[in-house]
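A quick write-up on the structure given underneath.
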Amino acid sequence: MTFRIERRSGVAAYQQIVQQTKQALRLGQLTPGDKLPSAAEVVAATAINPNTVLKAYRELENEGLVEARQGVGTFVRRSLAQPGAAADSPLRESLGTWMTAARGAGLDREDVAALVSAALDDAFPRGAEARVR
């Protein structure tokens, strides 16, 4: 697994590591037993502070997603994958087709992100939003 840290995103680096790890768990890119990169490897690849990596790994451990093994590394304990999110699922294929159409229509990454975010909000309202509608 390779982490990408977007320094201008406004999201803390440790939170980006947590989010990217959870995404890999949801998509089946990481499975139970897989070893996460060491803090030193992440630091070398991203130039962030080792404590930032350790904070992210601790949060993942507190959520029961990974476990640290002294002197060996950090390993995935459980998956978040759902059948519909697999790389070969019909839903994923449909989404890929839609993304190609969006790109063909001249939309950029931010336009697509805004549309997807709005569609998510419509389909999966949260908290106060759910009550207001």
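In the numbering used here, each number is its position in the sequence shown, counted from 1, plus 8.
Backbone N, C-alpha and C define an ideal beta-carbon position, used for all residues, glycine too.
- For residue 112, no beta strand (DSSP E) run applies; the uninterrupted alpha helix (DSSP H) run containing it begins and ends at 98-112, by DSSP.
- For residue 75, the uninterrupted beta strand (DSSP E) run begins and ends at 74-77, by DSSP.
- Setting aside the 5 residues that flank it on each side, residue 35 is surrounded in the same chain by 89, 93, 94, 95, each with a C-beta closer than 8 Å to its C-beta; the list follows chain order.
- Straight-line spacing of the CA atoms in residue 107 and residue 122 works out to 13 Å.
- When C-alpha distances from residue 71 are compared across 26, 118, 52, 117, the shortest belongs to 26.
- When the five nearest sequence neighbours on each side are left out, the beta carbons in the same chain lying within less than 6 Å of the beta carbon of residue 60 are those of 21, 22, in order along the chain.
- Fully contained in the region 14-99 are the following beta strand (DSSP E) runs of length 3 or more, in chain order: 74-77, 81-84.
- Judged by DSSP in its simplified three-state form, residue 128 adopts helix.
- When the five nearest sequence neighbours on each side are left out, the beta carbons in the same chain lying within less than 6 Å of the beta carbon of residue 51 are those of 58, in order along the chain.
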